[in-house]
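Listed in order, the protein sequences are those of chains D and P.
In short: position in the first sequence from 1, add 525, done, that's the working numbering.
In short: position in the second sequence from 1, add 525, done, that's the working numbering.
Protein chains: 2
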Amino acid sequence: MTQTTPTPPTDEIRVAVSAVIFSVRGLSESACPVLALPLVRRTRDPFEGRWALPGGWLNAAENLDAAASRTLEETTALAPTYLEQLYAFGAVDRSPTRVVSVVYWALLRSDEVDAQVAAHAAAGDAPENVEWFAASELPALAFDHNEIVDYALWRLRNKVGYSRIANGLLPEQFTLADLREVTEAILGRRLDPANFRRQVENSNTLIPTDRFRTGNHRPARLYRYNRDVELAERGPLIAPR
Amino acid sequence: MTQTTPTPPTDEIRVAVSAVIFSVRGLSESACPVLALPLVRRTRDPFEGRWALPGGWLNAAENLDAAASRTLEETTALAPTYLEQLYAFGAVDRSPTRVVSVVYWALLRSDEVDAQVAAHAAAGDAPENVEWFAASELPALAFDHNEIVDYALWRLRNKVGYSRIANGLLPEQFTLADLREVTEAILGRRLDPANFRRQVENSNTLIPTDRFRTGNHRPARLYRYNRDVELAERGPLIAPR
DNA sequence: GCAAAAGTGTTCTCGATACACCCATGT
DNA sequence: ACATGGGTGTATCGAGAACACTTTTGC
Numbered sequence: 526m527t528q529t530t531p532t533p534p535t536d537e538i539r540v541a542v543s544a545v546i547f548s549v550r551g552l553s554e555s556a557c558p559v560l561a562l563p564l565v566r567r568t569r570d571p572f573e574g575r576w577a578l579p580g581g582w583l584n585a586a587e588n589l590d591a592a593a594s595r596t597l598e599e600t601t602a603l604a605p606t607y608l609e610q611l612y613a614f615g616a617v618d619r620s621p622t623r624v625v626s627v628v629y630w631a632l633l634r635s636d637e638v639d640a641q642v643a644a645h646a647a648a649g650d651a652p653e654n655v656e657w658f659a660a661s662e663l664p665a666l667a668f669d670h671n672e673i674v675d676y677a678l679w680r681l682r683n684k685v686g687y688s689r690i691a692n693g694l695l696p697e698q699f700t701l702a703d704l705r706e707v708t709e710a711i712l713g714r715r716l717d718p719a720n721f722r723r724q725v726e727n728s729n730t731l732i733p734t735d736r737f738r739t740g741n742h743r744p745a746r747l748y749r750y751n752r753d754v755e756l757a758e759r760g761p762l763i764a765p766r
Numbered sequence: 526m527t528q529t530t531p532t533p534p535t536d537e538i539r540v541a542v543s544a545v546i547f548s549v550r551g552l553s554e555s556a557c558p559v560l561a562l563p564l565v566r567r568t569r570d571p572f573e574g575r576w577a578l579p580g581g582w583l584n585a586a587e588n589l590d591a592a593a594s595r596t597l598e599e600t601t602a603l604a605p606t607y608l609e610q611l612y613a614f615g616a617v618d619r620s621p622t623r624v625v626s627v628v629y630w631a632l633l634r635s636d637e638v639d640a641q642v643a644a645h646a647a648a649g650d651a652p653e654n655v656e657w658f659a660a661s662e663l664p665a666l667a668f669d670h671n672e673i674v675d676y677a678l679w680r681l682r683n684k685v686g687y688s689r690i691a692n693g694l695l696p697e698q699f700t701l702a703d704l705r706e707v708t709e710a711i712l713g714r715r716l717d718p719a720n721f722r723r724q725v726e727n728s729n730t731l732i733p734t735d736r737f738r739t740g741n742h743r744p745a746r747l748y749r750y751n752r753d754v755e756l757a758e759r760g761p762l763i764a765p766r
């Protein structure tokens, strides 16, 4: 930003924005929910045919956050419940041409994704080049995108530990078991239901409703997210959008 | 990174790299040490005369990390003990022209900085446009650099809490009181010497030497940094350089 | 001897964990 | 009735904070 060089030689450097979009597939089914993310099949030369993170070029009149949202919207047609910058990747050899990628990571509500995917399947207009993959079973991706996903996973797991962010993956109303199972899917280990309940209750991030989900067993209380909390953990940076 | 646009319209976007460089001034003096950082006075139009973070344009054949190191070297002629990417700032209106700044933050050993500054003062070749400021008494900076420094301070304070990073500001050998005073300067509050000692000892980041610093009171043991630890806290990203 | 910092020991509290136990529902 | 998950109670452990106390130096 200090412009020491009179004629900046940056013509050959382009800025891209990508996103690691997390959601949960197979919630409320018998099996365990699985952390998943959408990938885009490349249709042009560098790594043609390989899967890659959704992304695009940064427009000159577009904020970084807006570009990340646009990328996300173009891929999933959905609004994220959480969006945060991950890292700027800028190694010279990460692409045949010089590209600096500012990567974001996001959380999507599972019900919206499920509905979207089901609607596309029914209408037969599923975007041909977008596919959801389980985060634990990714193929070899284009560019350095495998490393990027690894880093995003690390951040997500970290954040799930000290913050109550997992509800960003759940519908408007959900049970504590839902929230616990999603957290378990992220962390990759089982959690004590009793202790999990108390930790969540003490965090004041959830508001109990008077509705219950009935099923095979004792009905479970439904909770909803408390929007007054979420912030204050990201420091003095303004929330995106 | 997915190059959906055939002809990317990125010609007007330039990539800059800046650095928030922290060091400690006034260590081993009677008063409390003060967290300080170098600023550069702008000599051209946007915000001419105002102080700004050291930085420069990213070269086409240069990694982001390398550009940060270069920036740092040009400002201080010193090698950092710690260097980490802070954030990519890319709001459209943060500069008259469209600039995406990838900002790093770094720690410098206080003794090296003191020696450097003293040498320049003696030789009379002090760089006219670089000056060290106390982090708590910054003037109004160019661009969005005040916000950037605030965010870097937040990250530094955070990291000091859960990691043993403060020794990156200290000379090769130092006492526990040195380390505690630096930590106090960063956090802005006093710490219990007894508890601080135990926390540091249990963290295994320090190696006791058999040397002592003698002074007005009981001699204090000198410690040095244990280089085997430091990493593993930054996730799967490779260390810079 | 005294002041002051270096360094040690002890206690208390709080949060996380483990786990025993009761509750409510469908079958 | 009983299996199963929902939900509560309780003992234990460890890290951190508070603070009393001993040690070692310069003056």
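Every residue, glycine too, gets a C-beta built ideally from N, C-alpha and C.
Here the structure is a predicted model, which is why all the values come from computation and not from measurement.
Find the residues of chain P that neighbour residue i, judging by a C-beta separation of less than 7 Å, and give them in chain order.
i: Arg623/D; result: Ala585
For residue i, verify whether its CB is less than 7 Å away from any heavy atom of the ligand SAH.
i: Val624/D; result: Among the components modelled here there is no ligand, and therefore nothing to report on the ligand SAH.
Could you check how far apart the C-beta atoms of residue i and residue j are, in whole angstroms? I think they sit under 8 Å.
i: Ser635/P; j: Leu552/P; result: 5 Å
i: Val725/D; j: Arg689/D; result: 7 Å
i: Val542/D; j: Val617/D; result: Actually they are not in contact, since the Cβ atoms of Val542/D and Val617/D sit about 19 Å apart, beyond 8 Å.
i: Ala544/P; j: Ala631/P; result: 6 Å
i: Leu702/P; j: Val559/P; result: One detail in the question is off: residue 702/P reads as Ala in this sequence, not Leu. Their Cβ separation, rounded to whole angstroms, is 16 Å, which puts Ala702/P and Val559/P out of contact at 8 Å.
i: Leu633/D; j: Gln698/D; result: The pair is not a contact, with the Cβ atoms about 17 Å apart (cut-off 8 Å).
i: Ala561/D; j: Arg550/D; result: 4 Å
i: Leu608/D; j: Ser594/D; result: 7 Å
i: Asn751/P; j: Asn729/P; result: 7 Å
In chain D, what lies closer than 9 Å to residue i by C-beta?
i: Val627/P; result: Ala613, Gly615, Val625 and Val627
Would the beta-carbon of residue i fall within 8 Å of that of residue j?
i: Leu663/P; j: Val674/P; result: yes
i: Trp657/P; j: Pro563/P; result: yes
i: Arg539/P; j: Ala667/P; result: no
i: Arg749/D; j: Thr739/D; result: no
i: Gly693/D; j: Thr606/D; result: yes
i: Pro696/D; j: Arg705/D; result: no
i: Leu681/D; j: Phe547/D; result: yes
i: Ala613/P; j: Gln610/D; result: yes
i: Glu554/D; j: Arg623/D; result: no
i: Val565/D; j: Thr600/D; result: yes
i: Leu578/D; j: Gly615/P; result: no
i: Leu603/P; j: Glu637/P; result: yes
i: Arg619/P; j: Asp669/P; result: yes
Give the residues from the region 584-607 of chain D that approach chain P closer than 9 Å (Cβ to any Cβ), ordered along the chain. Within the region 584-607 of chain D, the qualifying residues are Asn584, Ala585, Ala586, Glu587, Asn588, Leu589, Asp590, Ala591, Ala592, Thr596 and Glu599.
At a CB distance below 9 Å, what residues from the region 609-620 of chain D approach chain P? Give them in sequence order. Gln610, Tyr612, Ala613, Phe614, Gly615, Ala616, Val617, Asp618, Arg619 and Ser620
Residues of the region 535-554 of chain D with a CB closer than 8 Å to any CB of chain P: list them in chain order, please. Thr535, Asp536, Glu537, Ile538, Arg539, Val540, Ala541 and Ser543
Please list the segments of the alpha helix (DSSP H) lying wholly inside the region 582-607 of chain D, counting only runs of 4 or more residues, in order along the chain. Fully contained in the region 582-607 of chain D are the following alpha helix (DSSP H) runs of length 4 or more, in chain order: 589-601.
Runs of beta strand (DSSP E) wholly within the region 595-680 of chain D (minimum 3 residues, chain order): 607-614, 624-632 and 655-659
Could you tell me which uninterrupted alpha helix (DSSP H) segments, each at least 4 residues in length, are contained entirely in the region 689-745 of chain P, listed from first to last along the chain? 701-712 and 718-728
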